[in-house]
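Below is one structure, written out as structure tokens; the observations come after it.
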Amino acid sequence: MNTPPSRPSFKAQMHQAREEAIVAAAGRLLGEKGFEAMTLDDVAAEVGVAKASLYKHFAGKDDLCAAAMVHAVDRLQGFLQSVPPGQSAIERLQALLRWMLSLQLTDEMPLLLSRNSGLAGPLRDCERYQASLQTASARITTWIVEAQEAGQLNAQWPPDVVLWALLARSADPLPAMLRATGRYTDARILDWAVETCFGGLAAQQGVSAPAAPAPGCSPAPGY
Numbered sequence: 441m442n443t444p445p446s447r448p449s450f451k452a453q454m455h456q457a458r459e460e461a462i463v464a465a466a467g468r469l470l471g472e473k474g475f476e477a478m479t480l481d482d483v484a485a486e487v488g489v490a491k492a493s494l495y496k497h498f499a500g501k502d503d504l505c506a507a508a509m510v511h512a513v514d515r516l517q518g519f520l521q522s523v524p525p526g527q528s529a530i531e532r533l534q535a536l537l538r539w540m541l542s543l544q545l546t547d548e549m550p551l552l553l554s555r556n557s558g559l560a561g562p563l564r565d566c567e568r569y570q571a572s573l574q575t576a577s578a579r580i581t582t583w584i585v586e587a588q589e590a591g592q593l594n595a596q597w598p599p600d601v602v603l604w605a606l607l608a609r610s611a612d613p614l615p616a617m618l619r620a621t622g623r624y625t626d627a628r629i630l631d632w633a634v635e636t637c638f639g640g641l642a643a644q645q646g647v648s649a650p651a652a653p654a655p656g657c658s659p660a661p662g663y
């Protein structure tokens with residue numbers, strides 16, 4: 441007779457729940473403030489625990505923020521696995537970009553940090569982060585190659601150029617800047633961000649851009 445696995449103790453479950461809350465708070469603060477400006481005091485206040493409690497889970501700021509970045513890439517992995525396989529390669533890539541940009545509108549941190557970020561070094565040494573990012577990158581690159589072979593993307597660009605161009609858009613300030621105007625809905629902002637990425641800004645024959653509302657005017661329905 442097989443013995444069912446024992447459940448974690450209540451104390452262990454609370455410990456895990458608190459650690460997850462700490463990581464989530466660090467992720468939000470990284471998105472809002474950036475690595476350099478964010479402090480452990482900020483994280484403790486966000487979670488509602490004493491700063492000393494953070495050290496029961498993480499050795500310091502670098503360790504905590506690396507865990508938050510691992511969580512971000514794990515979420516990316518989850519999204520990639522959830523994309524319907526029946527979609528074309530270009531539809532999958534567009535859905536990916538839309539999802540990454542939508543994170544900005546909820547103050548989530550970008551998937552890529554500035555190369556000058558103080559967190560760059562700890563992330564290079566974080567094996568879990570590097571492995572998860574490589575796995576996600578390989579899946580996205582497969583979609584890029586499929587889209588190029590189908591004539592949906594420029595095949596003259598190396599796939600890794602397209603990959604990093606897409607990932608870099610996760611830190612694009614466009615969505616937040618447009619939202620700050622108060623003139624457009626989040627859905628329309630994301631539409632435009634995806635369209636300008638994949639379609640470019642060059643005028644297309646027979647296609648006219650929708651007129652933007654004049655300053656001081658209310659946007660039309662759907663904007």
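Note that my numbering has the sequence shown beginning at 441, numbered continuously upward. C-beta: ideal position from N, C-alpha, C; glycine also. Since the model is a prediction, treat every value here as computed from it, not as a measurement.
(message) Could you compute how far the alpha carbon of Gly-486 sits from the alpha carbon of Ser-522?
(response) Strictly speaking, residue 486 in this sequence is Glu, with Gly absent from that position. Their backbone Cα atoms lie some 30 Å apart in a straight line.
(message) I'd like the span of the alpha helix (DSSP H) that includes Gln-453, first residue to last.
(response) 450 to 473
(message) At the level of alpha carbons, what is the spacing between Ala-529 and Ala-560?
(response) 31 Å
(request) Assess, as a yes-or-no matter, whether the stretch 509 to 519 is touched by the stretch 569 to 578 under the definition of 3 or more beta carbon pairs within less than 8 Å. (result) The stretch 569 to 578 is in contact with the stretch 509 to 519.
(request) Give every residue of the same chain whose Cβ lies closer than 8 Å to the Cβ of Gln-534, excluding the five residues on either side of it in the sequence, and list them in chain order. (result) Val-634 and Phe-638
(request) Report yes or no: do the stretch 490 to 499 and the stretch 539 to 546 share at least 3 C-beta pairs separated by less than 8 Å? (result) no
(message) Quick check on the burial criterion: 16 or more other C-beta atoms within 10 angstroms. Buried or exposed for Leu-641?
(response) exposed
(message) Among the candidates Leu-504, Arg-538 and Cys-505, whose CA atom is the shortest distance from the CA of Leu-665?
(response) The requested residue 665 is not part of the displayed model; the chain covers only 441 to 663.
(request) Determine the burial state of Trp-583: buried for a count of at least 16 other Cβ atoms within 10 Å of its Cβ, exposed for fewer. (result) buried
(message) Spatial neighbours of Ala-484 within its chain, please: C-beta separation below 8 Å, excluding the five flanking residues on both sides.
(response) Hits under 8 Å: Ala-490, Lys-491, Ser-493 and Leu-494.
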